[in-house]
Amino acid sequence: MRRPPACVAFVARTHGLVGLVIVGSVLLLRWITRDLPGIEFGPHTNWYAGGLAVLYLLTAVLVWFGAPFGLLFSRVCSLIYLPRPNFGSRIWDIMGTPEFRAHFERTPRPSPPDAPVTSPTPRQRSAAPRWWHRFR
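In this text, residue positions in the sequence shown follow this note's numbering: the first is 14, and each later residue adds one.
Set out below in structure tokens:
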């Protein structure tokens, strides 16, 4: 696997670091407050925090590998950085560069020149099950 450009790596590492900080914060808070009866967390607290951590870590992976939804998830996750102008503006500007956007573009694979051109069989034309035509 080739290494992504520096701007892409910076954005991916930032999202990954935020995801790890969320996980670390939840674990630290749990550990600090485990014996304090006055401080309780509801049952959904870990689900919300875990969901945010998974979102940021997934975004980091998608951005690093240039997956199609990485650009969208990166924009959504970067909204939290915008209140800090020196930090959020930099990431937002990086995501607007042609180099960053080019990382997410897919080029179609060329077909081999010596491959025979064949028409698809009826089964290849539609990947839908045989009974699917009843519901159209």
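Every residue gets a Cβ at the ideal spot worked out from N, C-alpha and C, and that includes glycine. If you're wondering where the values come from, they're calculated on a predicted model, not measured in any experiment.
Coarse secondary structure for residue i, derived from DSSP in three states
i, result
"I93", "helix"
"F54", "coil"
"A80", "coil"
"D106", "helix"
"R26", "helix"
"L42", "helix"
"R16", "coil"
"L49", "coil"
"G121", "It should be pointed out that residue 121 corresponds to Pro in this sequence rather than to Gly. In the structure shown, P121 sits in coil (DSSP, three-state: anything other than H, G, I, E or B)."
Distance CB(residue i)-CB(residue j) smaller than 8 Å
i, j, result
"G101", "S91", "yes"
"Y94", "I104", "yes"
"E118", "C20", "no"
"V34", "N59", "no"
"G32", "A62", "no"
"P50", "H116", "no"
Any non-hydrogen atom of the ligand ADP within 7 Å of residue i CB
i, result
"F86", "The ligand ADP is absent from the structure shown, which contains no ligand whatsoever."
Exercise. With a cut-off of 8 Å, do at least 3 Cβ pairs link the stretch 68-81 to the stretch 17-28?
Worked result: Yes: the two stretches touch, three or more of their Cβ pairs being nearer than 8 Å.
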